[in-house]
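When you read off a place in the sequence shown, starting at 1, and then add 1, the result is the number in my numbering. Below you'll find the structure, written out as structure tokens, and then a few comments.
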Amino acid sequence: MRTEANDVSMAYDENGSGTPLVFVHGYPLSRKIWDPQLKGLANVTHMLAPDLRGHGDSPAPEGANWMHDMASDIAGLMEQVSFPIPAVICGLSMGGYVTFGFYRQFAPRLSGIILAATRAGADSEEGKQARDKAAAMAREKGAAAVVEDMLPKMLSPKTYRDKPELVAQVQAIMNSVPAETMVADLMGMRERVDATVTLEEIDLPVLILHGADDRLIPVKEAEKMHNLIRRSKLEIIPEAGHLLNMEQPERFNAAVEQFLRENFTGRG
Ligand code: MLT
């Protein structure tokens with residue numbers, strides 16, 4: 002499905018019934034990463050999973066993909082499709098950075114937050130240099146070079162070795178992201194604001210999920226967020242890397258279901 006939000010045309014999937022929940026994908030990915038959730042959680046939650054600007058089937062506007070703009074796109078989409086509010090928002094990695102942007106601008110539209118494989122801090126100087134290097138690679142060598150470099154780090158070493166079909170699926174999703182979008186994301190992430198101060202303000206139920214073997218964002222980042230968000234619960238998922246929701250869909254879905262039942266449906 003597709004609609005116009007903030008002058009941006011957005012493709013999205015919507016499925017299920019129950020507590021409203023919006024899924025925000027990471028970089029360089031698309032809404033397709035949420036297929037195991039859109040199928041597996043349909044009896045539990047009413048889900049909306051958009052393609053962020055320039056990803057999947059959503060066209061790209063000009064310029065950098067600022068986290069707050071991508072958050073506004075989602076708010077616009079929710080209005081357009083009359084998605085029920087307040088809703089829970091679940092952001093994975095860059096989707097988590099967008100989630101913080103959403104909270105800063107639209108907190109009253111949220112009932113809860115799920116932070117998956119993400120971090121609150123801004124990029125370090127070293128991190129910024131790595132963004133510039135990746136952007137140069139995307140511009141000069143094309144998107145495929147970035148995918149080749151990044152793919153092994155998206156999954157746990159075990160998944161990468163033992164699940165070639167999943168590796169191919171992730172590779173296909175990454176290959177659907179054009180080089181221009183990668184550059185736009187990298188510039189947006191490079192300049193994103195530090196969300197650490199926001200953590201102490203959040204007074205909503207928060208579930209933090211992280212893969213034990215995440216090679217892109219260390220588990221200690223999840224622990225830091227858990228220490229600062231007062232109503233948060235932390236669950237480390239074993240045998241999972243950065244794409245924990247695809248690598249361990251049953252465990253991920255069970256954690257989400259329990260969080261929703263405990264906090265929103267009163268069926269604990
Ligand atoms: C992501 O998966 O969204 C990115 O790896 C996050 C990042 O590079 O900071």
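All residues carry an ideal CB built from backbone N, CA and C; glycine is no exception. Model, not experiment: these values are computed from the prediction.
Three or more beta-carbon pairs drawn from the stretch 182-194 and the stretch 124-142 are found closer than 8 Å, and the two stretches are therefore classed as touching. Here the alpha carbons of G41 and N254 stand approximately 7 Å from one another. Beta bridge pairing from DSSP links R3 with A12. Inclusion of Y13 and P51 in the CB contact set at 9 Å is warranted, their separation being smaller than that value. For I174, the shortest separation between its Cβ and any heavy atom of the ligand MLT does not lie below 8 Å. Here F24 carries a strand assignment [DSSP, helix/strand/coil].
Per the C-alpha coordinates, the member of K221, D124 and R191 positioned closest to A117 is K221. When Cβ pairs closer than 8 Å are counted between the two stretches, the stretch 169-180 is seen not to touch the stretch 200-208, the count staying below three. If you look at T160, you'll find it in the alpha helix (DSSP H) that goes P158 to D163. Only residues of its own chain outside the window of five on either side were considered, and among them G122 and A123 have a CB closer than 6 Å to the CB of D195, listed in chain order. At least one heavy atom of the ligand MLT lies less than 8 Å from the C-beta of M95. Contact check for H243 against K164 fails: the beta carbons are separated by 9 Å or more.
Exclusion of the five residues before and after P29 leaves H56, A144, V147, V148, M151, M175, V178, T182, M183 and D186 as the residues of its chain whose Cβ lies within less than 8 Å of its Cβ. The DSSP-derived three-state label of P51 is strand. In this structure, the C-beta of M247 stays at least 8 Å away from each heavy atom of the ligand MLT. Uninterrupted alpha helix (DSSP H) stretches at least 4 residues long and entirely within the stretch 125-160 occur at 126-142 and 144-155, given in chain order.
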